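**Student:** Dropping a structure here in structure tokens format, bear with me for questions.
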Amino acid sequence: MNNTLVTVGIVSFLSGALLSQWLLAQKVHSRPRKLERYLSSDDEAETEDDDEQGEEEDDVEIESLALNEVPGEVRMTLCVRQDLKMGKGKAAAQCSHATLSLYKKITNPNSPAYNPEMVRRWEYGNGQAKITLQVPNQEEMDLLFAKAMSLGINACIIHDAGRTQIAAGSATVLGLGPAPKRTLDEVTGKLKLY
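Following this line, the structure appears as structure tokens:
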């Protein structure tokens, strides 16, 4: 079951990355009318994927350059809310949204979150490691988010559009990183694996 979830997560992430590249190419050449309402010229916090699952994220950009001095493994951490009782596929999709959001922030040279050294360590140091953890509820997620910001960790909270299982606007996943495992553990070290 865990291998299936990992596979679904990887496929979802890669699909999202490819879709993002395709959408950017379409944006350069011409914008189909259907996509016009989802895309804007600035970096918008709302995205849309193939299954019409619009997601929003809390748009906070955190400068993480000081974390480049922390040695060791670099990873992303995805904290999935347990009180929402999302299905495995829904949770995998929400984690994919968070992964792509974090990656877009930390690789955007116009963002305060831009940190190519951390990206290099994450991509080539240990194979873009990601870990999924359980967070019990919204309140705990908000506390973890605040702690991550205080430590300079790139972070986002994904909010569901409410078209399927979850009420519109519900915070589903807290994404953290890429950041050194040692620093991430200060925030999420007591959480259980998802």
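Sequential numbering from 227 applies to the sequence shown in the numbering used here.
Positions of the beta carbon are idealized from the N, C-alpha and C atoms, including for glycine.
These figures come from a predicted structure and were not determined experimentally.
Quick one: what's methionine 302 bridged to in DSSP?
**Tutor:** DSSP lists Lys356 as partners of methionine 302.
**Student:** Determine the burial state of asparagine 341: buried for a count of at least 16 other Cβ atoms within 10 Å of its Cβ, exposed for fewer.
**Tutor:** Asparagine 341 is buried by the Cβ-count criterion.
**Student:** With a Cβ-Cβ cutoff of 7 angstroms, do cysteine 305 and leucine 377 count as a contact?
**Tutor:** No, they are not a contact pair.
**Student:** Expressed to the nearest angstrom, what Euclidean distance is found between the alpha-carbon atoms of glutamate 287 and glutamate 366?
**Tutor:** If I take the Cα positions, the gap works out to 20 angstroms.
**Student:** Leaving out five residues on either side along the sequence, give the residues of the same chain with a beta carbon under 7 angstroms from the beta carbon of glycine 313.
**Tutor:** So the qualifying residues of the chain are Gln391.
**Student:** What separation, rounded to the nearest whole angstrom, lies between the Cα atoms of lysine 373 and leucine 291?
**Tutor:** Answer to the nearest angstrom: the Cα atoms are 17 angstroms apart.
**Student:** Please go through the stretch 332-387 and give each complete beta strand (DSSP E) segment of 3 or more residues, from N-terminal end onward.
**Tutor:** If we require 3 residues or more, the beta strand (DSSP E) runs fully inside the stretch 332-387 come out as 356-361 and 381-386.
**Student:** I need the straight-line Cα distance from serine 337 to glutamate 289, nearest angstrom please.
**Tutor:** Each residue's Cα considered, the two are about 9 angstroms apart.
**Student:** Would you mind sorting leucine 422 into buried or exposed? The rule is 16 or more other CB atoms within 10 Å of its CB.
**Tutor:** Residue 422 lies beyond the range of the chain shown here (227 to 420); nothing can be said about it.
**Student:** What do you reckon, are the CB atoms on asparagine 380 and leucine 328 nearer than 7 angstroms?
**Tutor:** Yes; because the gap between Cβ atoms is below 7 angstroms, this pair is in contact.
**Student:** List the DSSP bridge partners of alanine 397.
**Tutor:** The partner list for alanine 397 (beta bridge, DSSP) reads His385.
**Student:** Going by the DSSP bridge assignment, what does proline 406 pair with across the sheet?
**Tutor:** Bridge partners of proline 406: Val300.
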